[in-house]
Each structure stands twice: as structure tokens, then as C-alpha cells.
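Engineer: Would you mind keeping the following structure in view while I ask a few things?
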Amino acid sequence: LIAIIIVGILGGGLVNSMWAITLALIPQFVHHTRSFVRGEMKKDYIQSSTLDGASNLQLFYHSILPNMIEMLVVQGTLALSIAVIDISALGFLNLGAQAPLPELGAILATGLDAGYLAPWNIAIPGVTIFLMVLSITIVGDGLRSALRKRVNR
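According to this note's numbering, the sequence shown is numbered sequentially starting from 28.
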């Protein structure tokens, strides 16, 4: 909804829709990062490092950031999946990429007119969006598993 409002203000186009989706997803990243850091700061090893004289920068780079990478990868892949769906939705509403650019949401919207005569005009872009989101999610899950194995060593 925020992305639709921002695109309504900035105007249609692929670049404006990407900026709008980025601005709409930033609060989610900030909220998760802040809550993670607040939770980490309450742990015993952070408090003992603080008592040993570690600065805030040392705490961040040596203690918090290595533990936060897994959460950031999960959030990044989730945000990328949401961005694919949002760009397709904006294209479907004719607020995203304009006519000469091939965009899955716009292709899906033009295929709706001839849905009974040519259902593949709806099925192919829809399945492509689904497979893109599924593959991004699977890659993110694999990255999370690989990072978890590396951190547990």
C-alpha cells in the first residue's frame, strides 16, 4: 500500500516502482535489525565483553555482526521475494514498467482480456512469478543453512 502511494506521487515507471518498494521495505529491515541487536545486547557474552573494555565498534564487528548475518540473509531473501510480487502487482495495476518493457505483471494484465481464448497468457506469467519467488526462497534457505553450518564450526 505504501508502494502504491509512493508510485502515485512519483509517477509510474520501473525505476519509481523499485524506489517505492525499497522505501516500503526499509522499516521492516530496521525493525528486525533493531530487535535483534537489542536482544543480543542483553546476552552475557556481550556484557562480559563490555566489562573487559571492548568498545561499541568492537562489540558490533566481533560479536553482533557475525550473529546477525543469518538474520539479514533471511530478511533479504524474504524482501526480494516480496519485491518480485510487489513489482508484478504494480505492473498489473499499470503503475510499474511501461509498455515497451516486458514486465510480468503487465503481461498478466494484458492476458486477462483474452483469458478464455488463450489461458496460457495468464498461466505463463503467473507460473513464472511463482517459480521466481519459490527459487528465491529456496536459495535463501540454502544460504541460511550454509551460514548456520559455518557459524556452528
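All C-beta atoms in this analysis are idealised placements derived from N, C-alpha and C, irrespective of residue type, glycine included.
#1: DSSP state of residue 146, grouped into three classes?
#2: CA-CA distance, residue 154 and residue 60?
#3: Specify whether the stretch 96-115 and the stretch 161-174 touch according to this definition: at least 3 beta carbon pairs, one from each stretch, less than 8 Å apart.
#4: Using DSSP with H/G/I as helix, E/B as strand and the rest coil, what is residue 140?
#5: Output the distance between the C-alpha atoms of residue 138 and residue 51, rounded to the nearest integer angstrom.
#6: Is residue 97 helix, strand or coil by DSSP?
#7: Please list the terminal residues of the continuous alpha helix (DSSP H) segment that includes residue 82.
#8: Could you give the DSSP three-state label for residue 74: helix, strand or coil?
#9: Please work out which residues of its chain come closer than 8 Å, Cβ to Cβ, to residue 64, disregarding the five sequence neighbours upstream and downstream, and give them in chain order.
#10: Which of the three DSSP states, helix, strand or coil, is assigned to residue 129?
#11: Would you call the stretch 75-82 and the stretch 128-145 in contact, with 3 or more CB pairs under 8 Å?
#12: In this structure, does DSSP put residue 107 in helix, strand or coil?
#13: When we look at the beta-carbon of residue 54 and count the other beta-carbons within 10 Å, is it buried (16 or more) or exposed?
#14: Straight-line CA distance for residue 88 to residue 108?
Structural biologist: Working from what's here:
#1: Taking the first residue of the sequence shown as position 1, residue 146 is located at position 119. The answer is coil: DSSP assigns residue 146 none of H, G, I, E or B.
#2: Position 127 of the sequence shown, counting from 1, holds the residue named residue 154. Position 33 of the sequence shown, counting from 1, holds the residue named residue 60. Those two C-alpha atoms are separated by around 33 Å.
#3: yes
#4: In the sequence shown, the residue the question calls residue 140 occupies position 113. Coil at residue 140, not helix or strand.
#5: Here residue 138 is taken as the residue at index 111 of the sequence shown, counted from 1. Here residue 51 is taken as the residue at index 24 of the sequence shown, counted from 1. So the two alpha carbons sit approximately 28 Å from each other.
#6: Residue 97 sits at position 70 when you count from the first residue of the sequence shown. Helix at residue 97.
#7: Translated into positions along the sequence shown, residue 82 becomes position 55. Residue 82 -> no alpha helix (DSSP H), and no H or E assigned at all.
#8: What you label residue 74 is simply residue 47 of the sequence shown in a count that begins at 1. Here residue 74 sits in helix by DSSP.
#9: For this step, residue 64 is matched to residue 37 along the sequence shown. Correct list, in chain order: 91 and 95.
#10: Your numbering for residue 129 matches position 102 in the sequence shown. Correct three-state label for residue 129: coil.
#11: no
#12: As a working note, residue 107 is residue 80 in the sequence shown. DSSP places residue 107 in helix when its eight states are reduced to three.
#13: One-based indexing of the sequence shown puts residue 54 at position 27. Classification for residue 54: exposed.
#14: For the purposes of this step, residue 88 is taken as residue 61 along the sequence shown, with counting starting at 1. For the purposes of this step, residue 108 is taken as residue 81 along the sequence shown, with counting starting at 1. Roughly 28 Å separates the two Cα atoms.
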